[in-house]
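Colleague: I'd like to ask some things about the structure below.
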Amino acid sequence: IAKGIPLNVRNTFDPSNEGTYIAVTKGTSGNVVEGIAHKDGFTIIYLEKIGMNEETGYLSRLLNIFSKGGVSVDQITTSVDSVAIAIANGHEKIDTIRDRIIKSRLVDNPDGIDIAYNRSLVCVVGEGMRHTVGVLQGLSSALSAVEINIETIFQGPSERNVIFGVRQENAVTAIQAIYNLYFPKPGK
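Here is the structure:
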(Lines of atoms letter the chains of each structure in order from A and count residues from 1; the text may use other names and numbers.)
(Lines give C-alpha, C1' and ligand atoms only; values in the text may rest on other atoms or scores of the structure.)
Protein backbone atom coordinates (compact mmCIF):
# COMPACT_ATOMS: atom_id res chain seq x y z
CA ILE A 1 0.00 0.00 0.00
CA ALA A 2 2.85 2.39 0.81
CA LYS A 3 4.06 2.06 -2.81
CA GLY A 4 0.53 2.52 -4.20
CA ILE A 5 0.02 -1.18 -4.91
CA PRO A 6 -3.42 -2.42 -3.83
CA LEU A 7 -3.64 -5.42 -1.52
CA ASN A 8 -6.10 -8.25 -2.21
CA VAL A 9 -7.04 -10.21 0.93
CA ARG A 10 -8.59 -13.57 0.06
CA ASN A 11 -10.18 -16.43 1.93
CA THR A 12 -8.04 -19.59 1.82
CA PHE A 13 -11.19 -21.65 2.37
CA ASP A 14 -12.95 -20.01 -0.59
CA PRO A 15 -10.26 -19.02 -3.13
CA SER A 16 -12.82 -18.33 -5.87
CA ASN A 17 -14.22 -15.44 -3.83
CA GLU A 18 -12.79 -12.10 -5.00
CA GLY A 19 -11.99 -11.12 -1.41
CA THR A 20 -11.38 -7.62 -0.12
CA TYR A 21 -9.26 -4.98 -1.82
CA ILE A 22 -7.30 -2.48 0.23
CA ALA A 23 -6.05 0.51 -1.74
CA VAL A 24 -4.55 3.93 -1.17
CA THR A 25 -7.65 5.67 -2.53
CA LYS A 26 -11.16 4.59 -1.72
CA GLY A 27 -13.63 3.66 -4.39
CA THR A 28 -17.35 3.73 -3.82
CA SER A 29 -19.25 0.49 -3.54
CA GLY A 30 -22.68 2.04 -3.94
CA ASN A 31 -23.77 0.26 -0.76
CA VAL A 32 -25.15 2.17 2.20
CA VAL A 33 -23.19 -0.12 4.54
CA GLU A 34 -19.72 -1.20 3.47
CA GLY A 35 -18.45 -3.02 6.52
CA ILE A 36 -19.51 -4.70 9.74
CA ALA A 37 -17.21 -5.77 12.56
CA HIS A 38 -17.22 -6.37 16.28
CA LYS A 39 -14.80 -6.47 19.14
CA ASP A 40 -15.37 -8.34 22.38
CA GLY A 41 -14.08 -7.59 25.83
CA PHE A 42 -15.58 -4.29 26.92
CA THR A 43 -17.00 -2.96 30.13
CA ILE A 44 -19.64 -0.26 29.78
CA ILE A 45 -20.09 2.18 32.62
CA TYR A 46 -23.45 3.93 32.75
CA LEU A 47 -23.80 7.14 34.77
CA GLU A 48 -26.97 9.06 35.54
CA LYS A 49 -27.27 12.45 37.18
CA ILE A 50 -30.14 14.88 36.89
CA GLY A 51 -28.96 18.13 35.35
CA MET A 52 -25.49 16.95 34.31
CA ASN A 53 -25.92 18.84 31.05
CA GLU A 54 -26.11 22.09 33.02
CA GLU A 55 -22.86 21.50 34.91
CA THR A 56 -19.99 23.28 33.21
CA GLY A 57 -17.01 20.93 32.95
CA TYR A 58 -18.92 17.75 33.88
CA LEU A 59 -17.40 15.60 31.14
CA SER A 60 -13.96 17.07 31.74
CA ARG A 61 -14.10 16.10 35.42
CA LEU A 62 -15.43 12.65 34.57
CA LEU A 63 -12.82 11.89 31.92
CA ASN A 64 -10.09 13.23 34.20
CA ILE A 65 -10.91 10.46 36.69
CA PHE A 66 -10.30 7.86 33.97
CA SER A 67 -7.13 9.61 32.83
CA LYS A 68 -5.67 9.89 36.32
CA GLY A 69 -6.60 6.25 36.89
CA GLY A 70 -4.67 5.18 33.79
CA VAL A 71 -7.80 3.88 32.06
CA SER A 72 -8.32 4.61 28.36
CA VAL A 73 -11.84 5.41 27.21
CA ASP A 74 -12.72 3.58 23.98
CA GLN A 75 -16.15 5.13 23.33
CA ILE A 76 -18.40 7.66 25.03
CA THR A 77 -21.96 8.78 24.39
CA THR A 78 -24.02 11.32 26.30
CA SER A 79 -27.56 12.54 26.73
CA VAL A 80 -29.14 15.18 28.94
CA ASP A 81 -28.85 13.20 32.18
CA SER A 82 -26.67 10.19 31.35
CA VAL A 83 -23.33 9.06 29.99
CA ALA A 84 -22.16 5.66 28.74
CA ILE A 85 -18.43 4.94 28.62
CA ALA A 86 -16.90 1.83 27.06
CA ILE A 87 -13.50 0.65 28.29
CA ALA A 88 -11.57 -2.56 27.77
CA ASN A 89 -12.40 -5.40 30.18
CA GLY A 90 -9.91 -6.42 32.82
CA HIS A 91 -9.27 -3.12 34.50
CA GLU A 92 -8.43 -3.92 38.07
CA LYS A 93 -8.93 -0.21 38.67
CA ILE A 94 -12.66 -0.23 37.87
CA ASP A 95 -13.67 -0.23 41.55
CA THR A 96 -11.32 2.69 42.22
CA ILE A 97 -12.73 4.57 39.24
CA ARG A 98 -16.27 3.89 40.47
CA ASP A 99 -15.43 5.12 43.98
CA ARG A 100 -13.80 8.29 42.61
CA ILE A 101 -16.85 9.02 40.46
CA ILE A 102 -19.11 8.69 43.52
CA LYS A 103 -16.80 10.76 45.75
CA SER A 104 -16.59 13.46 43.08
CA ARG A 105 -20.40 13.69 43.14
CA LEU A 106 -20.61 13.01 39.43
CA VAL A 107 -23.69 10.87 40.17
CA ASP A 108 -26.57 11.78 42.50
CA ASN A 109 -26.04 8.62 44.57
CA PRO A 110 -24.24 5.27 44.22
CA ASP A 111 -27.28 3.88 42.37
CA GLY A 112 -26.54 6.39 39.61
CA ILE A 113 -23.68 4.25 38.32
CA ASP A 114 -24.10 0.86 36.70
CA ILE A 115 -21.32 -1.31 35.31
CA ALA A 116 -21.94 -3.94 32.62
CA TYR A 117 -19.09 -6.38 31.99
CA ASN A 118 -18.37 -8.60 28.98
CA ARG A 119 -19.92 -6.46 26.30
CA SER A 120 -19.12 -6.27 22.61
CA LEU A 121 -19.03 -3.25 20.36
CA VAL A 122 -20.59 -3.94 16.95
CA CYS A 123 -19.50 -1.39 14.36
CA VAL A 124 -21.31 -0.68 11.10
CA VAL A 125 -19.55 1.62 8.61
CA GLY A 126 -20.27 3.06 5.20
CA GLU A 127 -20.01 6.29 3.25
CA GLY A 128 -23.58 5.68 2.11
CA MET A 129 -24.88 5.97 5.68
CA ARG A 130 -24.34 9.72 5.63
CA HIS A 131 -27.66 11.49 5.04
CA THR A 132 -29.48 8.20 4.29
CA VAL A 133 -32.82 8.16 6.06
CA GLY A 134 -33.71 4.99 7.95
CA VAL A 135 -30.29 3.38 8.45
CA LEU A 136 -30.52 3.33 12.23
CA GLN A 137 -34.12 2.10 12.06
CA GLY A 138 -33.09 -0.75 9.76
CA LEU A 139 -30.19 -1.74 11.98
CA SER A 140 -32.37 -1.62 15.08
CA SER A 141 -35.09 -3.69 13.41
CA ALA A 142 -32.56 -6.30 12.25
CA LEU A 143 -31.27 -6.73 15.81
CA SER A 144 -34.76 -6.70 17.27
CA ALA A 145 -35.82 -9.46 14.87
CA VAL A 146 -33.18 -11.75 16.41
CA GLU A 147 -34.05 -10.57 19.94
CA ILE A 148 -30.85 -8.62 20.60
CA ASN A 149 -31.15 -5.62 22.88
CA ILE A 150 -29.06 -2.60 21.97
CA GLU A 151 -27.65 -1.45 25.30
CA THR A 152 -26.04 1.72 24.02
CA ILE A 153 -25.31 3.47 20.73
CA PHE A 154 -22.26 5.46 19.75
CA GLN A 155 -22.46 7.48 16.53
CA GLY A 156 -20.00 10.07 15.35
CA PRO A 157 -21.13 13.32 13.75
CA SER A 158 -19.80 12.17 10.37
CA GLU A 159 -22.72 9.68 10.14
CA ARG A 160 -20.30 7.22 8.57
CA ASN A 161 -20.41 4.71 11.39
CA VAL A 162 -22.56 3.56 14.24
CA ILE A 163 -21.45 1.35 17.10
CA PHE A 164 -23.82 -0.71 19.22
CA GLY A 165 -23.03 -2.01 22.69
CA VAL A 166 -24.48 -5.51 23.07
CA ARG A 167 -23.98 -8.52 25.30
CA GLN A 168 -20.85 -10.34 24.22
CA GLU A 169 -22.73 -13.61 23.67
CA ASN A 170 -24.96 -11.84 21.11
CA ALA A 171 -22.25 -10.22 18.98
CA VAL A 172 -21.93 -12.88 16.26
CA THR A 173 -25.70 -13.11 15.86
CA ALA A 174 -25.84 -9.30 15.61
CA ILE A 175 -23.20 -9.32 12.87
CA GLN A 176 -25.12 -11.99 10.95
CA ALA A 177 -28.41 -10.09 11.23
CA ILE A 178 -26.88 -6.85 9.97
CA TYR A 179 -24.99 -8.67 7.24
CA ASN A 180 -28.20 -10.34 6.05
CA LEU A 181 -29.92 -6.93 5.95
CA TYR A 182 -27.30 -5.20 3.82
CA PHE A 183 -25.69 -8.10 1.96
CA PRO A 184 -28.51 -10.59 1.32
CA LYS A 185 -27.82 -13.76 -0.57
CA PRO A 186 -29.10 -13.64 -4.17
CA GLY A 187 -32.73 -14.66 -4.44
CA LYS A 188 -33.70 -13.51 -0.93
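If you read the sequence shown in the working numbering, its first letter stands for residue 1, the second for the next number, and so on.
We treat Cβ as the ideally placed atom computed from N, Cα and C, and that holds for glycine.
Nothing here was measured: the structure is a model prediction, and the numbers come from that model.
So the alpha helix (DSSP H) Thr96 belongs to, where does it begin and stop?
Modeller: Element bounds for Thr96: Ile94 to Lys103.
Colleague: Within this structure, are the beta carbons of Ala174 and Val122 separated by less than 7 Å?
Modeller: Result yes, Cβ atoms of Ala174 and Val122 sit closer than 7 Å.
Colleague: In terms of residue numbering, what span does the beta strand (DSSP E) encompassing Thr132 cover?
Modeller: Thr132 -> no beta strand (DSSP E), and no H or E assigned at all.
Colleague: Which whole-angstrom value is the C-beta distance of Ile148 and Ile101, which I expect to be below 8 Å?
Modeller: Contact doesn't hold; Cβ gap of about 29 Å is too wide.
Colleague: At what residues does the alpha helix (DSSP H) containing Val172 begin and finish?
Modeller: Element bounds for Val172: Ala171 to Tyr182.
Colleague: Compute the Euclidean distance between the alpha carbons of Val146 and Glu127, then round it to the nearest angstrom.
Modeller: So the two alpha carbons sit approximately 26 Å from each other.
Colleague: Just to check my reading of the structure: Ile44 and Gly165 have Cβ atoms closer than 8 Å, yes? What is that Cβ distance to the nearest angstrom?
Modeller: Going by Cβ atoms, the distance from Ile44 to Gly165 rounds to 5 Å, so yes, they are a contact pair.
Colleague: Please report the residue range of the alpha helix (DSSP H) in which Ile65 lies.
Modeller: Ile65 -> alpha helix (DSSP H) spans Tyr58 to Lys68.
Colleague: With the cut-off set at 7 Å, would you say Ala116 and Leu143 are in Cβ contact?
Modeller: Their beta carbons are not under 7 Å apart, which means Ala116 does not touch Leu143 by this criterion.
Colleague: How many angstroms separate the CA atom of Asn8 from the CA atom of Gly112?
Modeller: Distance between the alpha carbons of Asn8 and Gly112 is about 49 Å.
Colleague: Span of the beta strand (DSSP E) holding Ile113?
Modeller: Counting along the chain, the beta strand (DSSP E) containing Ile113 begins and ends at Ile113 to Val125.
Colleague: Taking the C-alpha atoms as reference points, what is the distance between Ser141 and Arg160?
Modeller: Their backbone Cα atoms lie some 19 Å apart in a straight line.
Colleague: Please classify Glu18: does DSSP put it in a helix, a strand, or coil?
Modeller: DSSP places Glu18 in coil when its eight states are reduced to three.
Colleague: Quick check: what's the CA-CA separation for Ile5 versus Ile22?
Modeller: So the two alpha carbons sit approximately 9 Å from each other.
Colleague: How many angstroms separate the CA atom of Tyr179 from the CA atom of Ala171?
Modeller: So the two alpha carbons sit approximately 12 Å from each other.
Colleague: Between Thr78 and chain C, is there a C-beta pair that is closer than 7 Å?
Modeller: The chain inventory of the structure shown lacks chain C, comprising one protein chain alone.
Colleague: In the DSSP output, what is Gln75 paired with across the bridge?
Modeller: Per DSSP, Ala86.
Colleague: Using a 10 Å radius around the Cβ and a threshold of 16 neighbouring Cβ atoms, would you call His131 buried or exposed?
Modeller: Burial call: exposed.
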